[in-house]
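Numbering (my numbering), first residue to last: 22 to 251.
For each residue, glycine too, the CB sits at the ideal point set by N, CA and C.
Small disclaimer: the values here were computed from a predicted structure and weren't measured.
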């Protein structure tokens, strides 16, 4: 069973983390989004040209949340419990994630790391304004329970952390760069620490840690470059 991945990709990192947490053995094949995902061989395998992608005996599945749901069902993951109400809460978060938490990456991370992606500046500015509402919603969830979907961690927590955690000082420092004060969200801070204590965290975030110093220099370089999105 193969997973085509890129550890700097947030959805791919969440999937790798879940597999490591659960001890699900997969062969991770690292490829470059935007380059390798547009190769003829990759495009022939499936209609979605992105990472992560699961390949198993001719079965192709894209999208991190779909893959985690598939593997969670197949291997009875603790991170994807079968109890109906807990699973409904997981699906609630996973659906909400795409238009909310994911936009933290689209507003802060993507404009720096993927200037080749045509994101209009007006749209990026809108997403920037929505970050506060997103963090407030996550804070409310965590005020009701230790984890996003209850008393135990689930795939929802891993997906959420991979969007928020990457912006901390120890990684990219993007919250500080954009004057986003995370101290205003005490429950999120407690939860971030708890997530970092989960099995598989160190393994799945090793590449992000390695690039953190070079990322700071990259931010300085970009800031000095005379270009702007239209």
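Cβ-based neighbour list, residue i, same chain, cut-off 6 Å, excluding 5 preceding and 5 following
i           : result
residue 111 : 170, 175, 177
residue 86  : 115
residue 101 : 93, 176
residue 30  : 72
residue 224 : 41
residue 168 : 174, 178
Close-in-space but distant-in-sequence residues of the same chain around residue i (CB under 8 Å, 5 per side omitted)
i           : result
residue 216 : 174, 178, 179, 182, 186, 222
residue 209 : 156, 159, 160, 163, 185, 203
residue 172 : 166
residue 197 : 190
residue 211 : 163
residue 140 : 127, 131, 132, 250
Residue i - DSSP class collapsed to helix/strand/coil
i           : result
residue 168 : strand
residue 25  : strand
residue 51  : strand
residue 81  : strand
residue 59  : helix
residue 76  : strand
residue 189 : coil
residue 31  : helix
residue 199 : coil
residue 100 : coil
residue 105 : helix
residue 43  : helix
residue 67  : coil
residue 253 : Within the shown structure, residues of the chain are numbered from 22 to 251, placing residue 253 beyond reach of any answer.
residue 173 : coil
residue 91  : helix
residue 36  : helix
residue 152 : helix
residue 157 : helix
residue 121 : coil
residue 129 : helix
residue 135 : coil
residue 114 : helix
residue 207 : helix
residue 140 : coil
residue 247 : A caution first: residue 247 carries a pLDDT of 39, below 50, which makes its placement in the model unreliable, though a value can still be read off. Coil at residue 247, not helix or strand.
Residue from the options whose Cα sits closest to the Cα of residue i
i           : options            : result
residue 67  : 46, 73, 57, 82     : 82
residue 53  : 226, 92, 135, 148  : 135
residue 23  : 76, 71, 69         : 76
residue 50  : 30, 71, 25, 57     : 25
residue 47  : 78, 193, 214, 69   : 78
residue 230 : 206, 214, 194, 121 : 194
residue 122 : 145, 154, 109, 105 : 154
residue 147 : 168, 224, 120      : 120
residue 188 : 124, 113, 90, 106  : 124
residue 89  : 56, 105, 37        : 37
residue 192 : 218, 232, 213      : 232
Rounded Cβ spacing between residue i and residue j (contact assumed at less than 8 Å)
i           : j           : result
residue 201 : residue 152 : 6 Å
residue 252 : residue 35  : Since the first residue of the chain shown is 22 and the last is 251, residue 252 is not available in this structure.
Beta-carbon proximity list for residue i, same chain, < 7 Å, skipping 5 on both sides
i           : result
residue 228 : 28, 29
residue 58  : 52, 70, 71, 72
residue 45  : 92, 96
**Asked** Does the segment 128-137 touch the segment 91-100, meaning 3 or more C-beta pairs lie closer than 8 Å?
**Response** They do not touch, by the three-pair rule.
**Prompt:** Counting pairs of Cβ atoms below 8 Å between the segment 40-48 and the segment 57-65, do you hit three or more?
**Reply:** No, because fewer than three Cβ pairs between the segment 40-48 and the segment 57-65 fall closer than 8 Å, the two stretches do not touch.
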